[in-house]
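Single-structure report; data block below.
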Amino acid sequence: FYRALLSGLDLDPADVPDRSDPARWPELRRVFGARFAARTRDEWAAVFAGTDACVTPVLTLAEAAARPEQRGYLTRDGLLQPAPGPRFSRTPAQLPDPAPEPGQHTGEILREYGTG
């Protein structure tokens with residue numbers, strides 16, 4: 001993974017601080033930071049697409065929700081949430097009703113217990 005990262009960043013391993021030495025991590029952070037600052041997020045995503053470098057863009061919530069792998073999610077009452085699963089064609093799952101408002105069923109419950 002690390003070699004793929006260095007390759008994507010076009011860095012020679014001999015010129016990069018030793019990652020196994022914690023004392024060199026601030027220097028390594030500066031080297032990586034300067035290199036990543038040279039391109040946009042989307043340019044880097046294209047560079048690392050299909051590699052084993054374990055690099056992925058940091059997305060906004062709207063961008064993340066629009067990605068194909070998020071098809072298992074839906075928006076209900078303005079909130080992005082997991083859709084019911086698994087999905088069956090003949091017996092599709094239904095979303096549960098929204099949670100009741102505080103106190104919405106208090107009277108019914110009290111009457112049920114004979115105290116209302």
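Sequential numbering of the sequence shown, starting at 1, is according to our numbering. Yeah, the Cβ is synthetic: ideal placement off N, Cα and C, and Gly gets one too. All figures in this text were calculated on a predicted structure; none of them were measured in a lab.
Any beta strand (DSSP E) of 3 or more consecutive residues that is wholly inside the region 23-86:
73-76 and 79-82
The alpha helix (DSSP H) spanning Ala4 covers which residue range?
One-based indexing of the sequence shown puts residue 4 at position 4. Counting along the chain, the alpha helix (DSSP H) containing Ala4 begins and ends at Tyr2 to Gly8.
Where does the unbroken alpha helix (DSSP H) through Arg111 begin, and where does it stop?
Here residue 111 refers to the residue found at position 111 when the sequence shown is read from its first residue. Arg111 -> alpha helix (DSSP H) spans Thr106 to Glu112.
Could you give the distance in angstroms between the alpha-carbon of Arg19 and the alpha-carbon of Val31?
In the sequence shown, residue 19 corresponds to position 19, counting from 1. In the sequence shown, residue 31 corresponds to position 31, counting from 1. Computed Cα separation, rounded: 12 Å.
Closest Cα partner of Asp42 within the set Thr56, Ile109 and Asp52
Within the sequence shown, residue 42 is the residue found at index 42, counting from 1. Cα-wise, what sits closest to Asp42 is Thr56.
Smallest Cα separation from Phe1: which of Pro17, Thr51, Gln104 and Asp15?
Locating residue 1 in the sequence shown gives position 1, where the first residue counts as 1. Comparing Cα positions, the closest option is Thr51.
Taking 8 Å as the limit between beta carbons, can you name the residues of its chain near Thr60, skipping five residues before and five after?
Within the sequence shown, numbered from 1, the residue matching residue 60 stands at position 60. The answer is none, since no qualifying residue turns up.
Here's the rule I'm using: 16 or more other beta-carbon atoms within 10 Å means buried, otherwise exposed. How should Phe48 be labelled?
Residue 48 sits at position 48 when you count from the first residue of the sequence shown. With 16 or more other Cβ atoms within 10 Å, it is buried.
By alpha-carbon positions, which one of Arg3, Glu69, Asp12 and Arg76 ends up nearest to Ala99?
Position 99 of the sequence shown, counted from the start, is the residue given in the question as residue 99. Ranking the options by Cα distance to Ala99, first place goes to Arg76.
Output the distance between the C-alpha atoms of Pro82 and Arg90, rounded to the nearest integer angstrom.
Against the sequence shown, residue 82 aligns to sequence position 82. Against the sequence shown, residue 90 aligns to sequence position 90. Taking the straight line from one Cα to the other gives about 20 Å.
Mind checking whether Tyr73 and Leu80 have CB atoms under 8 Å apart?
For the purposes of this step, residue 73 is identified with residue 73 of the sequence shown, where counting begins at 1. For the purposes of this step, residue 80 is identified with residue 80 of the sequence shown, where counting begins at 1. The answer is yes: Cβ separation under 8 Å.
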